[in-house]
Ligand code: KIV
Ligand code: ZN
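Numbering (my numbering), first residue to last: 1 to 390.
This is the structure we're talking about:
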């Protein structure tokens, strides 16, 4: 069975940058865009050009800089937005206009005070207008997660006919369950007229912690693009995390889905984005968190020291981490203590280990983590009771 390619659409610089306090200047955006291009993403959503002169300028500069990826600009389904997005993208080698409108009954009634018929008309007009500037037009059906599937298929059919080349199905509010989101994508593959000419895209938010699971359910059911951000940053609880979906597809070859991402760059890029945005990554964050490859309980440490694969499903080198770490805490066992002691220069006999372990536990019970310096100190304190003179 051949492997199919999943396009990685990075929206760190658009949906990601919407996070309060994370605004970037143009120089910072260029640095991140360049790193994303080198990472191997297929599409970079560079911003929302009509939103401010600064964002317009950033999109324009990113469009000039990026060598490989398609550069995309967001717009509402409004002519002026689309014109401004096209203008900002004019230097891009591969420009994409991303336009769209809310399709759920809640958006139609409360946001637009409109009707389903008028929403389809506006969507079609926007797509046709965008096609005057580029042949690559992505349409987003905002709040598709809560949009009735039959109506969503009707909207999608109309915009495909109008010239859309990618259909973005956002779970804008992060409401869907993975089965539900997967079924929505499957329904669209079966009911949108002309679907064979276009790509379906997953754009999932993390309000219930399901953004990654939903995106994966989407591609299993036929979507061929995932919209995501580095570290999963984004509105409210964030978006699908790029590093998570990429590693899921890589670690599950039976899915027969792959990306072009150079995974060894993931940790470095995560740190860069965190630093530029001033947003710390939680220590237990999958793939790129400080503790993603750290082992602190005795049972796990003993296993990892014997064979890394007992408690690790990813080789840390594959995501750019030099090695797994053994962290000494009051929950650590003799095996981790001997391993760490050896690393810092002590080859302990069994008897020495028994003596030092007792001292170690007394010390460890009073602190969160025992550092190498502490261990030197513990060994020095026990010196006159040890067989070997260290
Ligand atoms: O979450 C969402 O619906 C979006 C669209 C603007 C694509 O970010
Ligand atoms: Zn979004």
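The beta carbon of each residue, even a glycine, is placed where N, CA and C say it ideally should be. Predicted model only: the values in this text are computed from it and were never measured.
Segment limits, beta strand (DSSP E) that includes residue i
i           : result
residue 170 : 166–171
residue 263 : Unbroken run through residue 263: none, as it is neither H nor E.
residue 95  : 95–102
residue 43  : 43–47
residue 141 : 137–142
residue 226 : 225–228
Proximity to residue i [Cα-Cα], best of the options
i           : options            : result
residue 313 : 148, 204, 287      : 287
residue 241 : 212, 220, 330, 252 : 212
residue 339 : 167, 367, 296      : 296
residue 322 : 145, 268, 334      : 268
residue 215 : 15, 248, 188       : 248
residue 382 : 251, 369, 354, 371 : 354
residue 143 : 174, 130, 135, 114 : 174
residue 2   : 293, 271, 253, 315 : 253
residue 150 : 128, 60, 140, 104  : 104
residue 96  : 138, 76, 345, 384  : 138
residue 82  : 57, 133, 91, 118   : 133
residue 152 : 117, 376, 135      : 117
residue 100 : 55, 114, 130       : 130
residue 78  : 148, 231, 187, 102 : 102
Residues of its chain near residue i, where Cβ-Cβ distance is below 8 Å and the 5 sequence neighbours each way are ignored
i           : result
residue 120 : 154, 155, 158
residue 272 : 31, 32, 35
Presumed contact (8 Å Cβ cut-off) between residue i and residue j, rounded CB distance
i           : j           : result
residue 229 : residue 12  : 4 Å
residue 9   : residue 62  : With 8 Å as the limit, residue 9 and residue 62 do not qualify as a contact, their Cβ atoms being about 14 Å apart.
residue 53  : residue 84  : In fact, because the Cβ distance is near 10 Å, the residues do not count as touching under 8 Å.
residue 167 : residue 208 : About 23 Å separates the two Cβ atoms, so there is no contact after all.
Boundaries of the alpha helix (DSSP H) in which residue i is found, first to last residue
i           : result
residue 79  : 79–88
residue 339 : 334–343
residue 359 : 350–364
residue 26  : 26–39
residue 66  : Element bounds for residue 66: n/a, residue is neither H nor E.
residue 255 : Premise fails: residue 255 is in no alpha helix (DSSP H) and is neither H nor E.
residue 156 : 149–162
Residue i in three-state terms, based on DSSP
i           : result
residue 212 : helix
residue 7   : strand
residue 299 : helix
residue 176 : coil
residue 181 : helix
residue 392 : There is simply no residue 392 to check, as the chain begins at 1 and stops at 390 in what is shown.
residue 376 : helix
residue 127 : helix
residue 76  : strand
residue 291 : coil
residue 217 : helix
residue 330 : coil
residue 71  : strand
Neighbourhood of residue i by C-beta distance below 6 Å, restricted to the same chain and skipping five residues each side
i           : result
residue 291 : 283, 284
residue 22  : 277, 279
residue 299 : none
Residues near residue i in its chain [Cβ-Cβ closer than 7 Å; skip 5 each side]
i           : result
residue 65  : 30, 33, 34
residue 218 : 181, 182, 185, 202
residue 39  : 261, 262, 265, 269
Near the ligand MG: residue i beta-carbon under 8 Å from a heavy atom
i           : result
residue 170 : Ligands displayed in this structure: the ligand KIV and the ligand ZN; the ligand MG is not among them.
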